[in-house]
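Take the sequence shown: its position 124, counted from the start at 1, is 124 in our numbering, and no numbers get skipped.
Beta carbons are placed, not taken as given, at the ideal position from N, Cα and C, and that holds for glycine.
Notes follow the structure.
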Amino acid sequence: MAEEELQVEEGGKKKGKMMLIIIIAVVLLGGGAGAYFFLFAGGDEEATEQVEESEAAPEEGAAPASSGGQAEMGTALYVAMPRPFVFNVPGAGRDRLVQIKVQLLVRGSDNEDLAKMHIPLIEGTLLQAFSNSNADDLVTEAGKIELREQAVNEVQKALKEITGNDVVERVLFTGFVMQ
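This is the structure:
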């Protein structure tokens, strides 16, 4: 009988410790959640006001759009090419297979619509620019930058003939694999 009382007392101490640990864990989680919401969720009114003010400012003092063919400075939008470009390039030792995923940086929704409308022209122009490259050049960062600049110039030239504007501001390589 004395042994049974001893076991009951030990079990009670274990349950008490376990309950204390659970309570501490719940309090810590609650405190962490409260701190998160206090630090990151607060101040939304100020951020919203700042965004509204920054959006209103360009409309009030907007400069007239330049007719020099430059892309108008609007919201930066990205137009993804529907599929990656896969092509062979000659190299000193052997030919290599290259895959490039491309996105176009355009300014404003008008330019975005123009870029989407002329995707076949852009794809053909980019493939032609990419195919003229050399594997030895594409191994270096400078070669990739040069290819990107050449691609931008070729795409702008092709779109300027059709639309009269430099629709695309930049060509971005979001994936680059060479085998």
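Would you call the CB atoms of A80 and Q103 closer than 8 Å?
In contact: A80 and Q103 (Cβ atoms closer than 8 Å).
Can you give me the C-alpha to C-alpha distance between Q156 and A25, rounded to a whole angstrom?
If you take the alpha carbons of Q156 and A25, they lie about 60 Å apart.
Does the distance from the CB of N111 to the CB of V167 come in under 8 Å?
Yes, the pair counts as a contact, with Cβ atoms nearer than the cut-off.
Report the partner residues of K17 according to the DSSP bridge assignment.
None, per the DSSP bridge assignment.
Under 7 Å Cβ to Cβ from T125, same chain only, skipping five residues before and after it: list those, please.
If we look at T125 and ignore the five residues flanking it on each side, its Cβ neighbours are E154, V155 and A158.
What's the gap between the Cα of P82 and the Cα of F173?
Their Cα atoms are separated by approximately 13 Å.
On the three-state DSSP scale, how would you describe G213?
The requested residue 213 is not part of the displayed model; the chain covers only 1 to 179.
Any idea which residues DSSP pairs Q99 with across the strands?
V86 and V177.
Going by beta carbon distance, what residues of the same chain come within less than 6 Å of G91, once the five residues before and after it are set aside?
Only A135 and D136 meet the Cβ criterion.
What residue range does the beta strand (DSSP E) around A135 cover?
That residue, A135, is in no beta strand (DSSP E); its alpha helix (DSSP H) goes A135 to L138.
Can you tell me whether G16 is buried or exposed? The criterion is at least 16 other CB atoms within 10 Å of its CB, across all chains shown.
It is exposed - the Cβ of G16 has fewer than 16 other Cβ atoms within 10 Å.
Quick check: the Cα distance between E146 and L29, rounded to an integer number of angstroms?
Those two C-alpha atoms are separated by around 52 Å.
Using a Cβ-Cβ distance under 8 Å, would I22 count as near chain D?
Here chain D cannot be found, since the structure has a single protein chain.
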